[in-house]
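According to the working numbering, the sequence shown is numbered sequentially starting from 330.
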Amino acid sequence: MTGPVYSALKDRHMELGPFGNATQLLHRSAIHKRWSNWHLARDASDVAWLLLDKAGASANVLSEEVLRELGEVIESLQDEMPRALVIRSAKPGSFCVGADISEFRQLHNERDVINKLSDAHILIQQLADLPCPTIAVIHGAALGGGLELALCCDYRLAIHGASFGLPEILLGLHPGLGGTARLPALIPPLDAMQMMLTGKNTYDRKALSLGLIDRLVEERHLAGALEDAINGKLHQRRSDWRAQPFLYAWVRQLVGRRMRAEAAKQAPPQHYPAPEALISLWEKHAGNPGSMIHAELLSFAKLLNTQTSRNLVRVFFLREKLKEQGKSKSLSNDAIKHLHVIGAGAMGGDIAGWCALQGLRVSLHDTRPESIAEAIGNAAKLCENKHLSSAETRDVLDRLIPDPDNSGVEQADLVLEAVPEDLELKLKIHTAIEPRLKPGAILATNTSSILLEDLRGELSDPTRLVGIHFFNPVAKMQLVEVVSHSVINATIFRRARQFVDQIGKLPVPVASAPGFLVNRALTPYLVEAICLLDEGVPAEAIDKVAIDFGMPMGPIELADQVGLDVCIDVADMLRERVNPHQPETPEWLRSKVEKGHLGRKTGKGLYTWSEGKPKKRSPRKPAPTDTLDRLILPMLNACMACLREEVVADTELLDGAMIFATGFAPFTGGPLHYAQQRGVDEVIKRLHDLQEDHGERFAPDPGWSEGLLEPSTQD
């Protein structure tokens, strides 16, 4: 059940003690409120209820003001201590999602951080030291500082569906409000370290089995659970025998070595110092909680002032900016309810399955019934991978409707064509279905390389055409390019971006231009890797250079993942339309494609693949010393061209798109941010050097000299 009716019921069912339901709470707040972000009242049995309700925000965060007011609340309780203190969120969505990240940018050195964090530590300890029972009631997400706040309470009661996590590692940090000490003291230390080192969430039943929460209840049973906690009838779960060996430093050091090895596979320590800092904290101080908390504060302050953390904080805000591209204040009836997908191949089938998983009604058409059946089977596997129950999986598959007759065209709010990159085929489909579209419906194409100007020519109403370009694999790739053209209807373009947000992806608005943004920038990187391969540099050596830089995989492996046929088609198109100096595709590579050796999807390409992984050998010889610049600088050059040509609106959208679509080393803050930090003059000089050594394809784009990038500043 969704929508405003459900929201109203949910508000009424939330147990808010003396505040009644959420509507009554809002009314009471309008009459009198002592604090801007907290509500405090006692019920008839002298239990104090403290509700967190961050002013002007959809979710609770622990801003400086929120923490200052919490200190005032705790002080107000000292004169007449209540029988117990219950802390919960007044917002229906979640408990608290952590610190106010925007305030991190106001802290310019370690001393600033230490001063700010010391005050917060004193406050949080005052909460932990209250003589009355303290109970955190958690619904939705309790993340970062929100979870650390809950860890200071004597009991944690969770409503079904709650989630818990310490994601600071994703910002180049570790917990900073005592979590490094309190979590391993509460649950098995190895599980605690796993949570902190990966940043992954733990969900309700798993949290209960770990001992992270004391009881998991339905909202209607919360009152009884609270009484049990207040009256001492609720057993407090504490760390068991599994924690005992880790009281010895030599045991922690032994295990720490294995932790380092595992962490380094995901986050190389030369780029991401936080995992090493966290493991070192645990090894040295876990036997003494007070020492651990003090050392945590100093370590957090040091990490926050690293370039890695500042860049990862930037990435956090890049993600938020991309999400904003899909937000709308319009009425909810603008949302897409029925999606019709034409083409059940690898892309179309996966798009249909993903959208059904996100709650949309999806009809799927293809002239080949076996393709539709395969797409439905893949959707079932996706549900399994997402750990959905059999009932939830059935609901998803019920929403995914086989449509061999293509009858869904008339009912759909959005019709998405996802057939192969053949202009004539796409034109034929568009002109056939356009008269059947209902008023206001969107006609979208998943094209990756065909200009929308070429697709709109035969439409009677080209204003409703939009590009919605997904990347493969659909379930894993976060970014979707939403492509405009000169006559597109602004409402259609907004609704298309809103649709991308609706299905849990990040929309980046781009103009119709050869390769759009991501393929335009990525292709020179892949082409140069093929040039190096053609020169006799081993594939493994080329990939190692890129991985050492911080890319999630090397360009040779990536070409196999994308498909060598796709890479050649895009490269040919860009050579013809954008850069005539781009090298020709070698005949040996075209021959591979002609033989059907396309990469991962056929099991053989530039690598041989087995069980979804490439077979690699140790490089016979290292790559040349200029390999990194030969790979990365052409990508940066193409990014600058896209910025100069206004394919994308600004550097932040560009950097965010490249990080979330290609995995461009996040610790750099994005390709153009990396160029700023490296120095624009240095980038121009190296491009000129490479141009002299290797040819005109390295000629610096004019945008570098036009002042399109501001000098580097600390974020």
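Here a beta-carbon is modelled for each residue, glycine too, at the ideal position from N, C-alpha and C.
Burial state of residue i (16 or more Cβ within 10 Å)
i, result
"residue 484", "buried"
"residue 345", "buried"
"residue 571", "exposed"
"residue 660", "Caution applies to residue 660, whose pLDDT of 49 falls short of 50 and renders its modelled position unreliable; the value that the coordinates give is listed next. Exposed, because fewer than 16 other Cβ atoms sit within 10 Å of the Cβ of residue 660."
"residue 954", "exposed"
"residue 373", "exposed"
"residue 969", "buried"
"residue 1005", "buried"
"residue 707", "buried"
"residue 497", "buried"
"residue 757", "exposed"
"residue 549", "exposed"
"residue 590", "exposed"
"residue 719", "exposed"
"residue 654", "buried"
"residue 560", "exposed"
Short Cβ contact (8 Å threshold) for residue i with residue j
i, j, result
"residue 950", "residue 867", "yes"
"residue 390", "residue 428", "yes"
"residue 771", "residue 795", "yes"
"residue 755", "residue 781", "no"
"residue 545", "residue 470", "no"
"residue 551", "residue 528", "no"
"residue 686", "residue 668", "no"
"residue 928", "residue 647", "no"
"residue 853", "residue 952", "no"
"residue 983", "residue 1038", "no"
"residue 974", "residue 842", "yes"
"residue 426", "residue 505", "no"
"residue 519", "residue 592", "no"
"residue 726", "residue 705", "yes"
Beta-carbon contacts of residue i that lie in its chain and below 6 Å, excluding the five residues immediately before and after
i, result
"residue 1028", "1020"
"residue 991", "851"
"residue 412", "375 and 376"
"residue 481", "453, 456 and 457"
"residue 359", "In this prediction, residue 359 scores a pLDDT of 46, lower than 50, which makes its location untrustworthy; no coordinate-derived value is stated."
"residue 933", "926"
"residue 1013", "1029 and 1033"
"residue 400", "452"
"residue 677", "670 and 747"
"residue 542", "485, 487 and 536"
Extent of the continuous beta strand (DSSP E) run through residue i
i, result
"residue 700", "From DSSP, residue 700 is part of no beta strand (DSSP E) but of the alpha helix (DSSP H) over 698–714."
"residue 859", "No beta strand (DSSP E) contains residue 859, which is instead part of the alpha helix (DSSP H) from 847–863."
"residue 365", "Neither: residue 365 is in no beta strand (DSSP E) and is coded neither H nor E."
"residue 838", "835–840"
"residue 694", "690–694"
"residue 808", "808–813"
"residue 546", "544–546"
Cβ-heavy atom distance, residue i to the ligand FAD, below 7 Å
i, result
"residue 913", "Ligands displayed in this structure: none; no statement on the ligand FAD is therefore possible."
Contacting residues, own chain, Cβ-Cβ under 8 Å from residue i (five flanking each side not counted)
i, result
"residue 384", "365 and 366"
"residue 513", "521, 522, 568, 572, 575, 611 and 615"
"residue 602", "501, 632, 635 and 637"
"residue 697", "673"
Residue span of the alpha helix (DSSP H) that contains residue i, given as start and end
i, result
"residue 1002", "1000–1007"
"residue 551", "551–559"
"residue 949", "No alpha helix (DSSP H) holds residue 949; DSSP gives it neither H nor E."
"residue 581", "578–595"
"residue 680", "675–686"
"residue 957", "956–973"
"residue 537", "533–539"
"residue 600", "Per DSSP, residue 600 belongs to no alpha helix (DSSP H) and is neither H nor E."
"residue 665", "Segment: none, residue 665 is in no alpha helix (DSSP H) and carries neither H nor E."
"residue 989", "980–991"
"residue 1039", "Segment: none, residue 1039 is in no alpha helix (DSSP H) and carries neither H nor E."
"residue 874", "868–878"
"residue 726", "719–728"
Contact set for residue i: own chain, Cβ-Cβ below 7 Å, skip 5 residues either direction
i, result
"residue 1045", "Residue 1045 is absent from the model: the chain starts at 330 and stops at 1044."
"residue 750", "776, 777, 778, 779 and 898"
Inset, instruction - Ignoring anything shorter than 3 residues or poking outside the stretch 452–530, list the beta strand (DSSP E) runs there in chain order. - result: 463–467, 470–472, 484–488 and 492–494
Inset, instruction - With a floor of 3 residues, list each beta strand (DSSP E) that falls wholly inside the stretch 730–794, ordered by position along the chain. - result: 743–746 and 771–774
Legend entry - In chain order, each alpha helix (DSSP H) run of at least 4 residues that lies wholly inside the stretch 887–925: 893–906 and 916–923
Inset, instruction - Starting from the N-terminal side, write out each stretch of the alpha helix (DSSP H) that is 4 residues or longer and does not extend beyond the stretch 380–415. - result: 393–407
Legend entry - Whole runs of the beta strand (DSSP E) within the stretch 612–659, excluding any shorter than 3 residues: none
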